[in-house]
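*Asks:* Order-wise, the sequence lines are chains A and B.
Residue numbers for the first sequence follow my numbering, beginning at 800 and rising by one.
Residue numbers for the second sequence follow my numbering, beginning at 855 and rising by one.
Note that CB positions come from ideal geometry on N, CA and C, so glycine has one too.
Computed from a predicted model, the values in this text were never measured in an experiment.
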Amino acid sequence: MGGFSVVIPVKDGERYLDEVLSAVMREEPDEVLVIDSGSTDGSLEIARRSGANILTIDPASFGHGRTRNLGMERTTGEHVGFLTQDATPCPGWRAAYDEAFGIDPRVGAAFGPHLPRPGTSPMIARELNEFFTAFSPDRRPRVQRAGDPPFLSNVNACYARTCWEEIRFRDIAYAEDQAFGADLLAAGWSKVYQPAAAVLHAHDYPFAEFMRRYFDEYRGLRTSLGHVEQFGLRSTLRHVAGNVAADRRWMAEQGIRGSASVGWTARAAMHHGGRRVFAALGSRAEHLPPAVQRSLAHERRPEADRPAEASGGGPAVAATTPVPARLNRESYEIAARVWSEGEAPLRDVPPGLAERERLRIAMVIPPFQKGSGGHNTLFQILARLERRGHLCTVWLHDYYGAAAYVRPGRLRHDIREYFAPIEGPTYNDFAAWHGTDVVLATGWETVHPILRLPDTHARVYLVNDHEPDFFPASAERSLAEDTYRHGLHCIAASPWLRDLLRDRYGASADAFQLGVDHDVYRPRDIPRQTDSVVYYARYSTPRRVVPIGLMALAELHRRRPGTRITLFGAADPVPTSFPYEHAGVLGGEELSSLYSGATIGLCLSLTNFSLMPKEMLACGLPCVELAGVSAESIFGRDGPLELAPLDPARIADAMQKLLDDRELWARRSEAGIRFVASHTWEHATDEVEAGIRHALKLREQAANVPSPSG
Amino acid sequence: MSAGSDQMSSTDTDPQTEVAALRARVAELERELVEREAWANRAVAEAQQRVYWLDRWGIDLNALMQRPGASQFRAGVRMVRGVYRVFRRTKRRLQG
């Protein structure tokens, strides 16, 4: 590929078009494309005469960025020059651009100065001269790189096709060239200011048109670069006075004196003052009513305000709204870092670490609320590990910044108040990370962070539930599944979960049994009702299949209208087709009383078995749970629980059986108390501690560490 | 033959002794590390206990003391406290 193409968007541009095309043709480009968007004057005829290729588009499909992308697509040159219909290239224009692109292979674009046409207002001519001279006072080509001004103007610019293919013009209402300049520099390309690639461009507009053009220009700058023009009375007066003085000097140099000078001075003052006002309004256009925006804007075509049709006839992109960065990182960035950079290496395991009496254990937790069941499990165990002499620390990882305000002192206090009296320190980020023997991940959100933590002998995953099942197809589900595939040794909160992790993910896994606080959950001295059901209706947790449970209760109510039904676990009452008592969210003591006074409990879970059925059983309350999920792995098929398939009628059958058969009820109640008697937090801690030591053993075996005895 | 065997036995023993000694040293250092960390954890936890109310209300004393006038304010409070103590002491003396 090679060659030089020129693209000129045109609409009713007959005033200068002939002159522009003639000058372009003198530069001998390989092709010239005129894109006409509905001219009604003689523009098309002029273009045809010049021998340029013509592409006609629907005026409604015009967009400054979109149409120039179309121009790039419909031309073939390696370098493509863009001009406006009133920019006449000066001799040597094309050669100057060829020279600019020869400076460096990473030059993505070049631009040249706009020279005033004869008769241009002094203030415009002076400003243009100063503006472009500032880019290169010695009039030599200047390469601009990241950190330099993003200025680029499609009045007179040239692009390298390879750069455009990477960047493309943004589909924005105005200032697509400035946006391209910023994007180009940010992407590592450079651009060149080429003083020799000049065009004659500037000419006068009536005052109102000037102001509307400024409004559009600064609205575009806000959209493309986020620039907001500052405005203040004093600064505006200073600005006007300074510029008028400069204009007067320029006029003196150009020989404009006397009454002409006075007249131009007055116009200059109006121009500079008006520009400040319209620039400030333009960069705040989004705060103005649409009707005001329309009346102030020069671009009055519908596409300036509403989505238009794209050149291909498909739906157009609506006007975009700039949104500033609000986060210092994306939510799951740490997971992406694990994927791209890998895991931090583990430290070698010293001989005998697995048997050492006191281990250093760091537990990484996700944010919590009062009553978080999973966190209760974690801290019941951690507090007991501390009592056994292990040095435990707690580290909060907050993916979403929801708990960013929680400082360490408060974090520690809340853990002690809500869950268990831990003794060790807590940290709300990893800034003070100082290594440990074993780091424990405790939820899917905590796994990727611990994989990046250095100075650790082993990483262990305390798995409370199969968390991918908490999400539909989503980033969260994928990330949660990924957590089981990093070779962490898992300690799962039931044999069912352990087997699932082994079978589905090939993870090494141990299991522990959730404990029950028998001081709280025990049969209370409360008269037990003979015909009542309590149901854990936490409908905000989908795995609790509350709609199924409610259908089962509706069926039970139809069969036994006298049965008293109580729902708990949700703050607000859920609408149902049957009457019930709403108990809300309850604490441990209240739950224990509720369980001790009811006839049967209903608690359903599609994933891992939770604490609640065990706590019901500990209070002598027979409980109905789902068959075929996790409950059998703990209680067996014919244990203290009444199991039913995921079928409202069958669940109602199970409840009815327990309510009708007093002998069965008594048998289940006694069996339940007996069964959970051994399920204590001390026992759970034994199992978790054994799992941690097992993980260290596995590390020793993998590293072929000799036994401490030699 | 006998001399050779003696020699071999001597070279076998030395590295083993050295390894055992090094292992003992590693174990000792590890114990020391654990003790130090236990002490540090206790100190951090106690500090966190003390600053709970500051943390609860989101008050960062370090940031607060970096504000202009903070050290002058602190000096002023100290001076007022000193005056108050002198006053209280004098009052106690006068009251016998």
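Below 8 Å on the Cβ atoms is my guess for Gly1438/A versus Leu1420/A; work out the distance and round it to an integer in Å.
*Replies:* No, Gly1438/A and Leu1420/A are not in contact; Cβ-Cβ is about 15 Å, not under 8 Å.
*Asks:* Would a check of beta-carbon distances place Leu1190/A closer than 7 Å to chain B?
*Replies:* Yes, Leu1190/A lies at the interface with chain B (some Cβ there is under 7 Å from its Cβ).
*Asks:* Between the C-alpha atoms of Arg941/A and Leu983/A, what's the straight-line distance to the nearest angstrom?
*Replies:* Rounded to the nearest angstrom, the two C-alpha atoms are 16 Å apart.
*Asks:* I want to know whether the stretch 900-916 of chain A touches the stretch 952-960 of chain A - three or more CB-CB distances under 8 Å.
*Replies:* Enough Cβ pairs lie closer than 8 Å, so yes.
*Asks:* So what does Phe910/A bridge to, in DSSP terms?
*Replies:* Bridge partners of Phe910/A: Ala956/A and Tyr992/A.
*Asks:* With DSSP as the reference, please indicate the residues paired to Met1162/A in a beta bridge.
*Replies:* Answer by DSSP bridge pairing, in chain order: Val1193/A and Leu1239/A.
*Asks:* By Cβ distance below 8 Å, which residues in the same chain neighbour Gly1111/A in space, the five residues on each side in sequence not counted?
*Replies:* For Gly1111/A, the predicted structure reports a pLDDT of 42, less than 50, and the residue's modelled location is therefore unreliable. The matter cannot be settled from this model.
*Asks:* If you follow the beta strand (DSSP E) that Tyr1131/A is part of, which residue opens it and which one closes it?
*Replies:* Premise fails: Tyr1131/A is in no beta strand (DSSP E) and is neither H nor E.
*Asks:* Which residues of chain B have a Cβ atom closer than 9 Å to the Cβ of Pro1150/A, listed in chain order?
*Replies:* Ordered by position in chain B, the residues that pass the 9 Å Cβ test against Pro1150/A are Arg877, Val880 and Ala881.
*Asks:* Per DSSP, which residues does Ser1339/A bridge with? Please list them.
*Replies:* According to DSSP, Ser1339/A bridges with nothing at all.
*Asks:* Mind listing the chain B neighbours of Gly1208/A? Cutoff is C-beta to C-beta under 9 Å, in chain order.
*Replies:* Under the 9 Å cutoff, chain B gives Ala901, Gln902, Gln903, Arg904, Val905, Tyr906, Trp907, Leu908, Asp909 and Arg910.
*Asks:* Whether or not the stretch 901-916 of chain B and the stretch 1202-1218 of chain A are in contact is what I'm after, with contact meaning three or more pairs of Cβ atoms, one per stretch, closer than 8 Å; do they touch?
*Replies:* Yes: the two stretches touch, three or more of their Cβ pairs being nearer than 8 Å.
*Asks:* Suppose you measure from the CA of Ala1502/A to the CA of Leu887/B; what does that come to, to the nearest Å?
*Replies:* Going from the Cα of Ala1502/A to the Cα of Leu887/B covers about 23 Å.
*Asks:* Go through its chain and collect everything with a Cβ distance to Leu914/A's Cβ below 6 Å, but skip five positions before and after it.
*Replies:* Correct list, in chain order: Ala997 and Leu999.
*Asks:* Relative to chain A, which residues along the stretch 913-927 of chain B have a C-beta separation below 7 Å, given in chain order?
*Replies:* For the stretch 913-927 of chain B, which is checked against every Cβ of chain A, not one residue is closer than 7 Å.
*Asks:* Determine, using beta carbons only, whether Trp893/B comes closer than 7 Å to chain A.
*Replies:* No, Trp893/B does not count as interfacial toward chain A.
*Asks:* DSSP on Cys1289/A, reduced to helix/strand/coil?
*Replies:* Strand.
*Asks:* Please list the partners that His1212/A has in chain B, where partner means a Cβ-to-Cβ separation under 7 Å.
*Replies:* The contacting residues are Tyr906.
*Asks:* Taking the straight line between their C-alpha atoms, what separation do you get for Cys1402/A and Pro1341/A?
*Replies:* C-alpha separation (whole angstroms): 13 Å.
*Asks:* So, are the CB atoms of Ala1257/A and Pro1267/A less than 7 Å apart?
*Replies:* No.
*Asks:* Are any of the Cβ atoms in chain B nearer than 7 Å to that of Gly1223/A?
*Replies:* By this cut-off, Gly1223/A is an interface position.
*Asks:* Residues of chain B with a CB under 7 Å from the CB of Arg1159/A: which are they?
*Replies:* The answer, in chain order, is Val888 and Glu891.
*Asks:* Which one or two residues does DSSP pair with Phe881/A in a beta bridge?
*Replies:* DSSP lists Val806/A and Ala956/A as partners of Phe881/A.
*Asks:* Taking DSSP's pairing of strands, which residues face Asp1309/A in a bridge?
*Replies:* DSSP output for Asp1309/A lists Ile1290/A as bridge partner(s).
*Asks:* Just checking my contact of Arg1301/A with Ala1310/A at CB under 8 Å: how many whole Å lie between their CB atoms?
*Replies:* With a Cβ gap of about 10 Å, Arg1301/A and Ala1310/A do not count as contacting.
*Asks:* Cα separation between Gly1386/A and Gly1170/A?
*Replies:* Cα to Cα, the separation comes out at about 8 Å.
*Asks:* Pick out the complete alpha helix (DSSP H) segments inside the stretch 807-894 of chain A, 4 residues or longer, and give them in chain order.
*Replies:* Here the runs fully enclosed are 813-825, 842-849 and 863-872.
*Asks:* Can you find the residues in the same chain that come closer than 7 Å, C-beta to C-beta, to Ile1133/A, ignoring five residues on each side of it along the sequence?
*Replies:* Here the set comprises His1247, Pro1248 and Arg1251.
*Asks:* Assuming Ile971/A is part of the beta strand (DSSP E), what are its boundary residues?
*Replies:* Element bounds for Ile971/A: n/a, residue is neither H nor E.
*Asks:* For Thr1375/A, which residues in the same chain have their Cβ closer than 6 Å to its Cβ, ignoring the five residues on either side in sequence?
*Replies:* So the qualifying residues of the chain are Leu1349.
*Asks:* Whose Cβ in chain A lies nearer than 7 Å to the Cβ of Glu955/B?
*Replies:* With chain B represented from 855 up to 950, any question about residue 955/B goes unanswered, as that position is not in the structure.
*Asks:* Got a sec: is the Cβ-Cβ distance from Val931/B to anything in chain A below 7 Å?
*Replies:* Not closer than 7 Å to any Cβ of chain A, the Cβ of Val931/B fails to qualify, so no.
*Asks:* Return the Cβ separation of Ala1417/A and Val1475/A in integer angstroms, given the expectation that the two are a contact with Cβ distance under 8 Å.
*Replies:* At roughly 5 Å, the Cβ-Cβ gap stays under 8 Å, so Ala1417/A and Val1475/A are in contact.
*Asks:* What span of residues does the beta strand (DSSP E) with Ile1399/A cover, start to end?
*Replies:* Residues Ile1399 to Leu1401.
*Asks:* Does DSSP classify Arg1327/A as helix, strand or coil?
*Replies:* If DSSP states are grouped into helix, strand and coil, Arg1327/A belongs with coil.
*Asks:* Against chain A, with Cβ distances strictly below 7 Å, would Asp868/B count as a contact?
*Replies:* With 7 Å as the cut-off, Asp868/B does not count as an interface residue toward chain A.
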